[in-house]
Amino acid sequence: MERLGEVVLLLILMTNFAVLVTDRLSACIRIMAVQGVLLAVLPLASGAPFGFHIGLLTFGTILIKAVVLPRILMWAIREAAVRRELEPAIGPIATVLLGLAAVGVAFGVATRLPHVAGPAAEGLVPVSLASLMMGFVVLTTRRKALSLVIGYLMLENGIYVFGLTLAGVIPLLVELGVLLDVFVGVFIMGLVVFQINRELETQDSRRLTELRD
1 MERLGEVVLL LILMTNFAVL VTDRLSACIR IMAVQGVLLA VLPLASGAPF GFHIGLLTFG
61 TILIKAVVLP RILMWAIREA AVRRELEPAI GPIATVLLGL AAVGVAFGVA TRLPHVAGPA
121 AEGLVPVSLA SLMMGFVVLT TRRKALSLVI GYLMLENGIY VFGLTLAGVI PLLVELGVLL
181 DVFVGVFIMG LVVFQINREL ETQDSRRLTE LRD
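Quick note: the sequence shown, position 185, residue 185 per this note's numbering, numbers continuous.
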């Protein structure tokens, strides 16, 4: 079971790299949906005993991260009539190198942090830190507003993975409340992206300073 958890963590890292090298927004959204499924099964793959707590968390994660949020983002790109990130600040090779650097730093930092119980749980910390930093890479190198939403989701997924180290301590209502906050945040961001595109006829985040009351 611990080996299965390591495989799921590796797949989460691979989906992060897939987002870094993909310029098609629809493909990025589908990748994030796959990552949502991986995040949902991660507690079970890491050896957590199945019960009401883990079952509800798994169901809520799949519903929000793999179904609802991707549908909202797909609606946003259809309404905004945008398909690609045409002008990233850096190229795909440089982006991948930044991602590799993020993974290296994450594993280096994780070795200096207090270890949590269990070999499978220990892998959660470096993967969560890597996901956080790779989310920041997307936020700082992409210019389309929808790409920034995807970067925000990657960052939040990193926080989610780190939170799994405390899955037995944090109350269920707190965890579900975090999922609800993510849903509301992305829903509002989707509406904001639609409004930006309607007002400016572009999703270039550099032109946000042109918005007025």
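Beta carbons: idealized from backbone N, C-alpha and C, even for Gly.
### Query
Would you report the Cα separation of F136 and R78, rounded to the nearest angstrom?
25 Å
### Query
Candidates I12, L164, I54 and A130: which alpha carbon is nearest A110's?
A130
#### Entry: I29 versus V8, R71 and L38, residue with shortest Cα-Cα distance
R71
### Min CB distance L63 to chain B below 9 Å
Given the protein chain composition of this structure (a single chain), no chain B is represented.
### Task
Give the range of the alpha helix (DSSP H) segment to which A110 is assigned.
P92 to A110
#### Entry: Three or more C-beta pairs below 8 Å linking the region 6 to 22 and the region 54 to 69
no
### Task
Starting from L164, follow the alpha helix (DSSP H) in both directions and report where the run begins and ends.
Element bounds for L164: n/a, residue is neither H nor E.
### Message
Suppose the cutoff is 8 Å on Cβ atoms and the five residues either side in sequence are ignored; what does the same chain contact list for L44 look like?
### Response
So the qualifying residues of the chain are F50, I54 and T58.
### Query
Three-state secondary structure (DSSP) at P126?
helix
### Task
Label L97 either buried or exposed according to how many other C-beta atoms from any shown protein chain fall within 10 Å of its C-beta, with 16 as the threshold for buried.
Classification for L97: exposed.
### Task
Using 10 angstroms around the beta-carbon of L113, count the other beta-carbons present and answer buried if the total reaches 16, otherwise exposed.
Here L113 is exposed. Its C-beta has fewer than 16 other C-beta atoms within 10 Å.
### Message
Buried or exposed, going by whether 16 or more other CB atoms sit within 10 Å of the CB of A89?
### Response
A89 is exposed by the Cβ-count criterion.
### Query
Do you know offhand how far S26's Cα is from M74's?
It is roughly 7 Å from the alpha-carbon of S26 to the alpha-carbon of M74.
### Task
Determine the closest residue to G36 out of F52, S147, G47 and T15, with distance taken between C-alpha atoms.
Residue T15 is the option with its Cα nearest to G36.
#### Entry: Rounded separation between A106 and I12 - CA only
14 Å
### Message
Can you look up E199 in the DSSP assignment and give me helix, strand or coil?
### Response
In this prediction, E199 scores a pLDDT of 48, lower than 50, which makes its location untrustworthy; no coordinate-derived value is stated.
### Message
With the cut-off set at 9 Å, would you say G5 and G123 are in Cβ contact?
### Response
Yes; because the gap between Cβ atoms is below 9 Å, this pair is in contact.
### Task
Please check the pair L146 and A76, which I expect to be a contact at CB under 8 Å, by giving their CB distance rounded to whole angstroms.
6 Å
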